[in-house]
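Only one structure is covered here, and it is reproduced in the block below.
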Amino acid sequence: MVTYQVQIPESNQAAFMDIIKSLQSLGVISSFSISESLAHPGEPVAINSLLEMLQSAEKQAEDGTVVPADQVIEFMKSWRERK
Numbered sequence: 013m014v015t016y017q018v019q020i021p022e023s024n025q026a027a028f029m030d031i032i033k034s035l036q037s038l039g040v041i042s043s044f045s046i047s048e049s050l051a052h053p054g055e056p057v058a059i060n061s062l063l064e065m066l067q068s069a070e071k072q073a074e075d076g077t078v079v080p081a082d083q084v085i086e087f088m089k090s091w092r093e094r095k
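Quick note on the working numbering: the sequence shown kicks off at 13 and runs consecutively.
See below:
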């Protein structure tokens with residue numbers, strides 16, 4: 013199981029949720045939740061939180077569970093053309 017944290021501008025939240033729900037109906041995503049940002053602009057993030065995120069990201073990269081940006085872009089293009 014892999015967990016992702018994504019920050020989406022409020023202006024794109026509805027479109028992003030449509031994508032997530034579509035992926036969930038296909039079985040690609042097993043669950044998702046919406047949470048507040050770890051930090052707001054101008055506020056520091058706790059060092060332990062940053063280190064945990066870094067360790068998690070490094071493990072995902074080692075395991076090959078990271079999706080390259082070009083694949084994400086291609087998926088978004090094909091998803092938009094589907095509408």
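Here a beta-carbon is modelled for each residue, glycine too, at the ideal position from N, C-alpha and C.
Going by DSSP, Phe87 is part of the alpha helix (DSSP H) stretching over Ala81 to Arg94. Cα atoms of Asp75 and Ser43: separation of roughly 21 Å, rounded to the nearest angstrom.
Note on geometry: alpha-carbon atoms of Ala58 and Glu93 lie some 41 Å from one another.
A straight line joining the alpha-carbon of Leu62 with that of Val18 spans about 15 Å. In this chain, the alpha helix (DSSP H) harbouring Leu35 covers Gln25 to Ser37.
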